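Chemist:
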Amino acid sequence: MIKRKISLFLLLASIFATTNSVFAGARQIGQLSNFRITPSFTGTGYLQKMNDSYYVVNLDSKNPQIRVKHYLANSQGVKRSDIDMTWTGQRGVYTNFAKSNYIYNLNLARENFWDKGFFIDGSWSPDSK
Numbered sequence: 001m002i003k004r005k006i007s008l009f010l011l012l013a014s015i016f017a018t019t020n021s022v023f024a025g026a027r028q029i030g031q032l033s034n035f036r037i038t039p040s041f042t043g044t045g046y047l048q049k050m051n052d053s054y055y056v057v058n059l060d061s062k063n064p065q066i067r068v069k070h071y072l073a074n075s076q077g078v079k080r081s082d083i084d085m086t087w088t089g090q091r092g093v094y095t096n097f098a099k100s101n102y103i104y105n106l107n108l109a110r111e112n113f114w115d116k117g118f119f120i121d122g123s124w125s126p127d128s129k
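Here you go:
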C-alpha cells in the first residue's frame, strides 16, 4: 500500500513538473531573417506578450558590426519602451512598460541618419522568460 502511494505521488509530481516547464517556455519568439533596416524605423510582425518581463533582442554577427536602434510598440504604434541600442553579434535584455496578453512589434533602425540600408538576422521576444 505504501509503495502504491509513493508511486502515485511520484507520478503526480512528475506531471506537475512537466506542466510547469511547458508553461514556462510559452513565450513567443520572432525571427529576423534577412530583415532590412534603414535610418527610418521598420517594424516586425506582432507577437503576444505573455508576462511582465523584459524584452529580448538577439542579433547575429555581421561584417561590419553595426549598432541597431530598437523599441517595442503596441498595435497602435505607441512606444512601450525607450529607444535602446544593440550591436550585431550581441544579445540584449531591455526594460519596457508593455502589459501581458497584448500584442507588440519590434521597430528597428540604423544608428545614424546617414547610414545606408543593411540586412540583419537574429531573433526577438517581448518576454525574457
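Note that the numbering used here has the sequence shown beginning at 1, numbered continuously upward. Glycine is no exception: its CB is placed at the ideal position from the N, C-alpha and C atoms. A quick note: this is a predicted structure, and the numbers were derived from the prediction, not measured.
(1) What residues in its chain sit with their C-beta under 7 Å from that of Ala26, if we drop five residues either side in the sequence?
(2) Suppose only complete runs of 4+ residues qualify. What are the alpha helix (DSSP H) ranges in the region 28-108, listed by chain order?
(3) Check for me: the beta strand (DSSP E) holding Phe118 runs from which residue to which?
(4) Give me the Cα-Cα distance between Asp52 and Tyr102, rounded to the nearest whole angstrom.
(5) Do you know whose CA, among Thr86, Ala73, Thr95, lies nearest Ser128's CA?
Modeler: By the coordinates alone:
(1) Met50
(2) none
(3) 118-125
(4) 11 Å
(5) Thr95
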